[in-house]
Amino acid sequence: MLRTIEEKKPLIHHLTNTVTINDCANMTLALGGSPVMADDLLEVEEMVALADAVVLNTGTLNPAMREAQLLAGKTANRLGKPIILDPVGAGATTLRTDFMKELMQQIQFTVIKGNASEIKTLLGQATTTKGVDVAEGESLDFHAVRAFAAESNQVIVVTGPVDFVTDGQHELHLDVGTKRLGQVTGTGCMTASLIATLLGAGYARFEAAALGTFLMGKAGEQADEKKGIGDFRTGLFNAVSLMTEETLREVHFNEA
Amino acid sequence: MLRTIEEKKPLIHHLTNTVTINDCANMTLALGGSPVMADDLLEVEEMVALADAVVLNTGTLNPAMREAQLLAGKTANRLGKPIILDPVGAGATTLRTDFMKELMQQIQFTVIKGNASEIKTLLGQATTTKGVDVAEGESLDFHAVRAFAAESNQVIVVTGPVDFVTDGQHELHLDVGTKRLGQVTGTGCMTASLIATLLGAGYARFEAAALGTFLMGKAGEQADEKKGIGDFRTGLFNAVSLMTEETLREVHFNEA
Amino acid sequence: MLRTIEEKKPLIHHLTNTVTINDCANMTLALGGSPVMADDLLEVEEMVALADAVVLNTGTLNPAMREAQLLAGKTANRLGKPIILDPVGAGATTLRTDFMKELMQQIQFTVIKGNASEIKTLLGQATTTKGVDVAEGESLDFHAVRAFAAESNQVIVVTGPVDFVTDGQHELHLDVGTKRLGQVTGTGCMTASLIATLLGAGYARFEAAALGTFLMGKAGEQADEKKGIGDFRTGLFNAVSLMTEETLREVHFNEA
Chain C
103 MLRTIEEKKP
113 LIHHLTNTVT
123 INDCANMTLA
133 LGGSPVMADD
143 LLEVEEMVAL
153 ADAVVLNTGT
163 LNPAMREAQL
173 LAGKTANRLG
183 KPIILDPVGA
193 GATTLRTDFM
203 KELMQQIQFT
213 VIKGNASEIK
223 TLLGQATTTK
233 GVDVAEGESL
243 DFHAVRAFAA
253 ESNQVIVVTG
263 PVDFVTDGQH
273 ELHLDVGTKR
283 LGQVTGTGCM
293 TASLIATLLG
303 AGYARFEAAA
313 LGTFLMGKAG
323 EQADEKKGIG
333 DFRTGLFNAV
343 SLMTEETLRE
353 VHFNEA
Chain E
103 MLRTIEEKKP
113 LIHHLTNTVT
123 INDCANMTLA
133 LGGSPVMADD
143 LLEVEEMVAL
153 ADAVVLNTGT
163 LNPAMREAQL
173 LAGKTANRLG
183 KPIILDPVGA
193 GATTLRTDFM
203 KELMQQIQFT
213 VIKGNASEIK
223 TLLGQATTTK
233 GVDVAEGESL
243 DFHAVRAFAA
253 ESNQVIVVTG
263 PVDFVTDGQH
273 ELHLDVGTKR
283 LGQVTGTGCM
293 TASLIATLLG
303 AGYARFEAAA
313 LGTFLMGKAG
323 EQADEKKGIG
333 DFRTGLFNAV
343 SLMTEETLRE
353 VHFNEA
Chain F
103 MLRTIEEKKP
113 LIHHLTNTVT
123 INDCANMTLA
133 LGGSPVMADD
143 LLEVEEMVAL
153 ADAVVLNTGT
163 LNPAMREAQL
173 LAGKTANRLG
183 KPIILDPVGA
193 GATTLRTDFM
203 KELMQQIQFT
213 VIKGNASEIK
223 TLLGQATTTK
233 GVDVAEGESL
243 DFHAVRAFAA
253 ESNQVIVVTG
263 PVDFVTDGQH
273 ELHLDVGTKR
283 LGQVTGTGCM
293 TASLIATLLG
303 AGYARFEAAA
313 LGTFLMGKAG
323 EQADEKKGIG
333 DFRTGLFNAV
343 SLMTEETLRE
353 VHFNEA
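Residue numbers (the working numbering), protein chains in the order written: chain C, 103 to 358; chain E, 103 to 358; chain F, 103 to 358.
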């Protein structure tokens, strides 16, 4: 738990999937934030107003959730709240690809974080993804991502063996993590929660995006000594809860 | 697992949130009960009729869930089944506060368990809560809680650093637990499951409320030796599954 | 993680309950598969088309989920995709029993896996089940199960102290596992995910049904050294993630 975050205890409002919702709540707490999940249309706007940051995650959709996410996003924009999009499964089905377009047209995100297949879909590029995992050997056009970040004024995080973070002007390649992070469901979703918690605590958008991504990779490295995947997963929560400000200083931000 | 509970294996019907629903099921099992979660309007009444106790938890709402909870509550009352309310997030949004009022007007609860912010909201008092965590420094008017319990004929549990349990005539202050219970999502929800399991096994309402609350605090103390929050969380389930009748005897019930 | 499965990384589409959905995803990953959960009616057909196997689990129902499961099942049949039914709670309420009938009438399953109470309900036999756990002392008419498997051309798995697997011609009794598997929610659901992952990786239906059931029992035995139920649960994921092809060879398939 980071002391600076624990003191502020930012409220992180999630509109997210039913698969990893518990993990996202616990990861937010592990870093020192306070998670809340509320997607009843009758309370979405009020909850966004209370929140310090908002997460939209498209992992499991239904008509009410789609409507609630659009409402939450527009409310966050109106009130100037940081908002992050985790476009889970973008490219896998027409519904997901179309809904992402709708989200992107109607909402200005602070940060968008996805794997290469998902980000390529947002850029309108072809992808061979099936499901919610990144397609094997998916390649990325860094130039296009950078241009998209600059034009749309959003920080883009592309997670992968080496994570890529750009706001169009600054960028970082983070060579951190372990392949095993892909063997536990929701490590991507939890990364979005970490970024949102940092945003909610007042970190600037590029720093929050980079540090949240770095923290999950670092947690993976620290948990990697565990042999079984059950222990590895528990280790991720241990690691984040024991992180200190010291760890954040391992990320070096350079001017563009 | 308590032998007396395991032998009866009470069926605990939950209408609860999607964040901690798995934890509530596993905690019910850890104490020796049998959890069931069913909120399809077409089966709520039948499932309540099968159940030994019912839990309503307002952590994540939607129109169908709200309707199902009202139906489950009224059915439990009609059939004389014990029913517990966990008013998660009461006070945070108008929807939640209004829905709590509706629940309280239409349903007679056996036990209501919440944090200070939530219980104050039920009493019609102002609170500074945001989200589902208790507001910092929230103070409690014990007299008002006691009067509310007596008038409404419901046992009220206010969880906190020292838990307070009252039926208006008897009361207990339980100085048990650890601050870290607030660093894992759902420990409050799980406390409601423990109370419901005790109710379903035949414990009287005041005893069930006090013992269920005590068990979670005790589990927290036993798990507290773990450094990371992932291990601490796993330790809570270990602890409850290894509880014996001996532990329950640590709670001393005095006459009013 | 089984290398043969990891190489193929079959996509396993789940339409399942909100209680154990995270466990099913993680168990699919632990064996080497790629889980996806999608029940929005607008994407069900497309996701089934992408999937290598489909799981229908009736643990928590609602009108949209019921419609989505019927659609997914019919689509799987039309496209010749393996599909497994986990009829959670069959027999407990009229809704569940009726919905199972509807599923069985409209969909041809590759494998149906349930406890004795659930399978008896599918056979039209009386059961004393309440909730989602098997009724105490539930007895099983092996002859009827065998006949049902043969007539319906579906592999039937009846889980219990000794698991029974039959396709009407071949059969296996698997004396594997531990009583403690019943003390963690979702071990049955996760067994269905293991079977589906094997089906998706290309195993023949009888082998997949037997091996998936065996793997969960074996994982239970390996985790059984753990005292507390939290550690036992984590141990299940460890065990499956560390399984090798060697373990599968412990199951001896005899000709009928």
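All C-beta atoms, glycine included, are put in the ideal place defined by N, C-alpha and C.
Closer than 7 Å to chain F by CB, residue i
i	result
ASN179 of chain E	no
MET130 of chain C	Here residue 130 of chain C turns out to be Thr, not Met, going by the sequence shown. Cβ-Cβ to chain F under 7 Å: no for THR130 of chain C.
GLU348 of chain E	no
ASP235 of chain C	yes
LYS232 of chain C	yes
ILE123 of chain E	yes
PHE244 of chain E	no
THR261 of chain C	no
MET206 of chain E	no
PHE201 of chain E	no
ALA127 of chain E	yes
Rounded separation between residue i and residue j - CA only
i	j	result
LEU296 of chain C	GLU147 of chain C	22 Å
VAL259 of chain C	LEU224 of chain F	49 Å
ASN119 of chain C	PHE355 of chain E	44 Å
ALA358 of chain E	GLY182 of chain E	Residue confidence is low: ALA358 of chain E scores 48 on pLDDT, short of 50, so the model does not pin down where it sits. No coordinate-derived value is stated.
ALA404 of chain C	HIS245 of chain C	Because chain C here runs from 103 to 358, residue 404 of chain C falls outside it and cannot be looked at.
THR196 of chain C	GLY233 of chain C	12 Å
ALA306 of chain F	ASN179 of chain F	16 Å
ASN124 of chain F	ARG282 of chain F	20 Å
THR229 of chain F	ASN255 of chain F	24 Å
LEU350 of chain E	THR106 of chain C	39 Å
LYS203 of chain E	GLN210 of chain E	12 Å
GLY239 of chain C	THR199 of chain C	21 Å
GLY57 of chain F	PHE201 of chain F	With chain F covering 103 to 358 only, the question about residue 57 of chain F has no answer from this structure.
ILE185 of chain F	SER136 of chain F	16 Å
PRO112 of chain E	THR122 of chain C	29 Å
GLN208 of chain F	VAL213 of chain E	44 Å
VAL157 of chain C	VAL236 of chain C	21 Å
LEU301 of chain F	GLY216 of chain C	29 Å
Cutoff 7 Å: residue i Cβ touching any chain E Cβ
i	result
VAL138 of chain C	yes
ASP159 of chain C	Residue identity check: residue 159 of chain C is Asn in the sequence provided, not Asp. Answer no: the Cβ-Cβ gap between ASN159 of chain C and chain E never drops below 7 Å.
LEU197 of chain F	yes
ALA358 of chain C	With a pLDDT of 48 at ALA358 of chain C, under the threshold of 50, the modelled position of that residue is not reliable, and no figure is offered here.
LEU163 of chain F	yes
ASP142 of chain C	yes
LEU113 of chain C	yes
ALA303 of chain C	no
THR287 of chain F	yes
Minimum Cβ-Cβ distance from residue i to chain C less than 7 Å
i	result
ASN217 of chain E	no
MET345 of chain F	no
VAL342 of chain E	no
GLN171 of chain E	no
THR120 of chain F	yes
GLN227 of chain E	no
GLU145 of chain F	yes
LEU152 of chain F	yes
GLU148 of chain F	yes
Sheet register partners of residue i (DSSP bridge)
i	result
PRO137 of chain E	E:ILE114
PHE211 of chain C	Bridge partners of PHE211 of chain C: none, in fact.
ALA155 of chain F	F:ILE114
ASN217 of chain E	E:THR261
GLU147 of chain F	Bridge partners of GLU147 of chain F: none, in fact.
ILE186 of chain E	E:VAL157 and E:VAL213
LEU276 of chain F	F:ASP265
Min CB distance residue i to chain A below 7 Å
i	result
VAL190 of chain F	In the structure shown, chain A cannot be found, because the protein chains are C, E and F.
Closer than 6 Å: residue i CB and nearest the ligand MN heavy atom
i	result
ASP277 of chain F	Here there are no bound small molecules, and the ligand MN is not part of this structure.
* **Against chain F: residues of the stretch 312 to 337 of chain C by CB proximity under 9 Å** => LYS328, LYS329, GLY330, ILE331, GLY332, ASP333, PHE334, ARG335 and THR336
* To do: Count the CB pairs spanning the stretch 187 to 204 of chain F and the stretch 286 to 294 of chain F that are closer than 8 Å, and state whether there are at least three.
  => yes
* **the stretch 253 to 271 of chain E in contact with the stretch 311 to 320 of chain E per 3-pair CB rule at 8 Å** => yes
* Asked: Taking contact to mean at least 3 C-beta pairs separated by less than 8 Å, is the stretch 108 to 118 of chain F in contact with the stretch 322 to 336 of chain E?
  -> no
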